[in-house]
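Step one of this worksheet: look at the structure below.
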Amino acid sequence: MPPKQSAAAAYHVLGLENGSSLDVVKSTYKQLALRTHPDKNPDNPDATAEFQKLSEAYNVLLKHLDTSKPRASPRFPGFPPFGADDSDGEYEYEEYEDSDDYGDYGENLDFYMFLFEEMMRGRANRYSNMRFRRGPVQAETPEQYQARLRRSREDQVAAEERRKQEAAARKARAERDRERDRVAAEERQKAKVEAKRAQAEAQRSKAEAAVQSLQQQAQTKRSAVFAAARAGKPEKVQSGVWEDGVDAAGGEVKAGCDAFVKTKPKDPQQTLLHIAARNGDEALVEWLDAHSADPEERDSRNLTAFHVALQSGHIPVVAYFFEAYPPKDSDSNGVYKPPEAKTLLSIALESHEPQLVWMILDNGLATAHDINLSWTWITSAEGRSAMKKGMRDGKAQEEKFGDILKLLMRFGGFTPPPTPSSSDNSDGEWDQTETSRVPVEWANQAQPSGEEPSSPATQKPVQAGRGRGRGRGRGGRGRGGAKS
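Residue numbers (full-length UniProt numbering): 1 to 484.
Take a look at the structure:
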């Protein structure tokens, strides 16, 4: 037990003046005890010692100020005998001055146990407390006091260390939780991005499949129309263009649709108009021209549909082009301009048709230089052999060859060859009067309406350049529809 303190020292510990009343001492002690209690100051290792010091000072002042009567155990009301008048059992409770003294808790518990035993034995009455005697109080040595203080400090340090460890554990746990949440958030975001990417890829694949399906259908229809054109079935061609929306312009294979073509065309640049002109189908040529076909488009040999018709010897088709696209109109240059190393006159000679040769010459589509080159070639051994080889046997073909020579002589101002073969002229002479005579039906068929035949002296060459024609088919005359 710690050494006894004097009353003055106790007043000083509580921060009171000497002679302060008991009520002031109690009130001050309660305030200081609440403020310095170890449970209120877990971070202060000296809190227990300070609290013990306050308690000792308070006990000293209690004993010092309460000198009017001896210190006794608190008196609690007794219990009257069973059946007694309750009016005598009014509680008489004297103030228990030492209610704040933590050291009396054990004594009070002993008293309550004694009182309980008396009640159970039927001996409880209002004077039972007089027979209760508190147990002997064992004095605390200074060593025990120091040991108790040391244990209290050790408990304080251990509690502080435990709190630090718990705080560190909470911090580590919170950090792990944050890291787990961060990883989970990243995984969710990654999964979300992957889901969006997969969805976009699926939509893209679906769109590509839809586009490919449409392309395949369009190419299948287009190839069927071209096959019908090559087979000479104009009704199917017109139905495909008008009802199925097949574009009359362009080659057979649409851009990006090569994989959907079963049989590759020999000439991918050949158009429906080229095929119709080669077949000599003047009605289909006119219909295609009226439904957005482009007469200026060229095949892989750089030939337009007009060139193909001229080379193939189809007079009605050539006459249609002359009527729809007047040769003297500058906008028609793109239709008639020949490929390099060729002239319109040389292409007409390949047809072996005198009327086509005359139509080229009469419309001013051959220059004097073109005529001279053609004359030189046709009168040469190579040219005569080529012309003879392309003609069928018979007198009519011989006459056509002679008519071509006469036309070149007339428009070029040439004289007959000095030594013609006997097969060409049995008399060995050229009939000069025949060179100036042209069949009337040629002039009526080949000359555009409202125009006078051109003479050799007024012939002009075809101007270079590419222009749009002004034929009847320009502008999409007739029925139209979606193109494929």
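We put the CB at the ideal spot given by N, CA and C, even for glycine.
Practice task
Find out if the Cβ-Cβ distance for the pair leucine 284, proline 316 is shorter than 8 Å.
Solution key: If you number the sequence shown from 1, residue 284 lands on position 284. If you number the sequence shown from 1, residue 316 lands on position 316. In this structure, proline 316 does not lie closer than 8 Å to leucine 284 by Cβ.
Practice task
Report the three-state DSSP secondary structure of leucine 361 (helix, strand or coil).
Solution key: Indexing the sequence shown from 1 puts residue 361 at position 361. It is helical.
Practice task
Check the C-beta distance from proline 354 over to lysine 400 and give it rounded, since I have them as a contact under 8 Å.
Solution key: For the purposes of this step, residue 354 is taken as residue 354 along the sequence shown, with counting starting at 1. For the purposes of this step, residue 400 is taken as residue 400 along the sequence shown, with counting starting at 1. Confirmed, about 5 Å.
Exercise for the section: Quick one: measure Cβ to Cβ for glutamine 219 and cysteine 257, integer angstroms, because I've assumed they're closer than 8 Å. Expected result: Here residue 219 is taken as the residue at index 219 of the sequence shown, counted from 1. Here residue 257 is taken as the residue at index 257 of the sequence shown, counted from 1. With 8 Å as the limit, glutamine 219 and cysteine 257 qualify as a contact, their Cβ atoms being about 4 Å apart.
Exercise for the section: Would you tell me roughly how many angstroms separate the C-alpha atoms of leucine 214 and alanine 259, rounded to the nearest one? Expected result: As a working mapping, residue 214 is identified with position 214 in the sequence shown. As a working mapping, residue 259 is identified with position 259 in the sequence shown. If I take the Cα positions, the gap works out to 13 Å.
Handout entry: Through-space distance from aspartate 181 to proline 142, alpha-carbon basis
Key = Within the sequence shown, the letter at position 142 stands for residue 142. Within the sequence shown, the letter at position 181 stands for residue 181. One C-alpha to the other measures close to 57 Å.
Exercise for the section: To the nearest angstrom, report how far apart glutamine 459 and threonine 379 are at their CA atoms. Expected result: For the purposes of this step, residue 459 is taken as residue 459 along the sequence shown, with counting starting at 1. For the purposes of this step, residue 379 is taken as residue 379 along the sequence shown, with counting starting at 1. With a pLDDT of 42 at glutamine 459, under the threshold of 50, the predicted position of this residue should be treated as unreliable, and no value is reported.
Practice task
Identify whether glycine 412 lies in helix, strand or coil by the three-state DSSP scheme.
Solution key: Along the sequence shown, read from residue 1 onward, the residue named residue 412 stands at position 412. Note: glycine 412 maps to helix in three-state DSSP.
Exercise for the section: Would you kindly work out how many angstroms separate the C-alpha atoms of phenylalanine 321 and alanine 277, rounded to a whole number? Expected result: As a working mapping, residue 321 is identified with position 321 in the sequence shown. As a working mapping, residue 277 is identified with position 277 in the sequence shown. Looking at the two C-alpha atoms, the distance is approximately 10 Å.
Exercise for the section: Find the nearest neighbour of threonine 48 within the set Ala147, Ala248, Leu22, His274, judged by alpha-carbon distance. Expected result: Here residue 48 is taken as the residue at index 48 of the sequence shown, counted from 1. Ranking Ala147, Ala248, Leu22, His274 by Cα distance to threonine 48 puts Ala147 first.
Handout entry: glutamate 243 versus phenylalanine 226: straight-line alpha-carbon distance, rounded
Key = The count along the sequence shown starts at 1 and reaches residue 243 at position 243. The count along the sequence shown starts at 1 and reaches residue 226 at position 226. Computed Cα separation, rounded: 15 Å.
Handout entry: Residue burial classification, glutamine 203 (beta-carbon count within 10 angstroms, cutoff 16)
Key = The residue labelled residue 203 in the question sits at position 203 within the sequence shown. Exposed, by the Cβ-count rule.
Exercise for the section: Report back the beta-carbon spacing between alanine 9 and histidine 64 to the nearest angstrom; my notes put them in contact at under 8 Å. Expected result: Position 9 of the sequence shown, counted from the start, is the residue given in the question as residue 9. Position 64 of the sequence shown, counted from the start, is the residue given in the question as residue 64. Actually they do not touch by this definition, with Cβ atoms about 11 Å apart.
Handout entry: When His12, Asp23, Val183, Ala309 are compared against alanine 57, the one with the closest alpha-carbon
Key = Locating residue 57 in the sequence shown gives position 57, counting from the first residue. For the residues His12, Asp23, Val183, Ala309, the minimum Cα distance to alanine 57 belongs to His12.
Problem - Span separating the alpha-carbon of residue 500 from that of leucine 345 - result: Residue 500 lies beyond the residue range present for the chain, which begins at 1 and ends at 484; the question has no answer from this structure.
Exercise for the section: Could you pull out every residue in the same chain whose Cβ sits closer than 8 Å to the Cβ of proline 45, ignoring the five residues on either side in sequence? Expected result: Start at 1 with the first residue of the sequence shown, and residue 45 comes out as number 45. Excluding sequence neighbours, proline 45 sits near Arg153, Gln156, Val157, Glu160.
Problem - Contacts around valine 357, its chain only, beta-carbon distance under 6 Å, and the 5 residues preceding and following it disregarded - result: Taking the sequence shown and counting its residues from 1, the one referred to as residue 357 is at position 357. The answer, listed in chain order, is Ala348, Ile404, Leu407.
Practice task
Classify threonine 263 as helix, strand or coil using the three-state DSSP reduction.
Solution key: Within the sequence shown, residue 263 is the residue found at index 263, counting from 1. Correct three-state label for threonine 263: coil.
Practice task
For the segment 211–237, list the beta strand (DSSP E) runs that are entirely contained and at least 3 residues long, ordered along the chain.
Solution key: none
Handout entry: Within 8 Å, strictly: CB atoms of alanine 228 and glycine 240
Key = Within the sequence shown, residue 228 is the residue found at index 228, counting from 1. Within the sequence shown, residue 240 is the residue found at index 240, counting from 1. Taking 8 Å as the Cβ cut-off, alanine 228 and glycine 240 qualify as a contacting pair.
Handout entry: For proline 338, three-class secondary structure by DSSP
Key = To locate residue 338, count along the sequence shown from 1; it is residue 338. DSSP places proline 338 in coil when its eight states are reduced to three.
Problem - DSSP-derived helix/strand/coil call for residue 563 - result: Nothing can be reported for residue 563: it is not among the residues displayed for the chain, which extend from 1 to 484.
Problem - Own chain residues within Cβ distance below 6 Å of aspartate 299, not counting five before or after - result: Numbered from 1 along the sequence shown, position 299 holds the residue referred to as residue 299. These residues qualify, in order along the chain: Asp267, Gln269, Gln270, His274.
Practice task
Verify whether the separation of the beta carbon atoms of histidine 54 and leucine 14 is less than 8 Å.
Solution key: Within the sequence shown, residue 54 is the residue found at index 54, counting from 1. Within the sequence shown, residue 14 is the residue found at index 14, counting from 1. The question names histidine, yet the displayed sequence has leucine at residue 54. Yes.
Problem - Nearest neighbour of residue 487, chosen from Arg170, Arg384, Pro326, Lys196 [CA to CA] - result: This structure gives no information on residue 487, because the portion of the chain shown stretches from 1 to 484.
Practice task
Kindly indicate which three-state DSSP category proline 295 falls into: helix, strand or coil?
Solution key: On the sequence shown, residue 295 is found 295 positions in, with the first residue counted as 1. In this structure, proline 295 counts as coil in the three-state DSSP scheme.
Handout entry: Enclosing alpha helix (DSSP H) for aspartate 331 [first to last residue]
Key = Taking the first residue of the sequence shown as position 1, residue 331 is located at position 331. Run containing aspartate 331: none; DSSP gives neither H nor E here.
Practice task
Thinking histidine 314 and glycine 280 are a contact (beta carbons under 8 Å), I'd like their distance in whole angstroms, please.
Solution key: Taking the first residue of the sequence shown as position 1, residue 314 is located at position 314. Taking the first residue of the sequence shown as position 1, residue 280 is located at position 280. So it is a contact: roughly 4 Å between Cβ atoms.
Problem - When Ala324, Asp247, Ala305, Glu252 are compared against serine 292, the one with the closest alpha-carbon - result: Taking the sequence shown and counting its residues from 1, the one referred to as residue 292 is at position 292. Comparing Cα-Cα distances from serine 292 to each of Ala324, Asp247, Ala305, Glu252, the minimum goes to Asp247.
Handout entry: Backbone CA spacing between glutamate 323 and serine 332 [nearest angstrom]
Key = Stepping through the sequence shown from its first residue, residue 323 is reached at position 323. Stepping through the sequence shown from its first residue, residue 332 is reached at position 332. Roughly 11 Å separates the two Cα atoms.
Practice task
Give, in chain order, every unbroken run of the alpha helix (DSSP H) that is at least 4 residues long and sits entirely within the segment 18–66.
Solution key: 22–36, 47–65
Practice task
Kindly indicate which three-state DSSP category glutamate 353 falls into: helix, strand or coil?
Solution key: The count along the sequence shown starts at 1 and reaches residue 353 at position 353. Of the three classes helix, strand and coil, the one that applies to glutamate 353 here is coil, per DSSP.
Exercise for the section: Put aspartate 247 into one of helix, strand or coil per three-state DSSP. Expected result: Taking the sequence shown and counting its residues from 1, the one referred to as residue 247 is at position 247. Three-state result, aspartate 247: coil.
Practice task
Might you give, ordered along the chain, the residues of its own chain that have their beta carbon closer than 8 Å to the beta carbon of threonine 36, omitting 5 neighbours on each side?
Solution key: Your numbering for residue 36 matches position 36 in the sequence shown. Around threonine 36: Ala47, Glu50, Phe51, Leu54.
Exercise for the section: For glutamine 189, count neighbouring Cβ atoms within 10 angstroms of its own Cβ and tell me buried if that reaches 16, exposed if not. Expected result: As a working note, residue 189 is residue 189 in the sequence shown. Glutamine 189 is exposed by the Cβ-count criterion.
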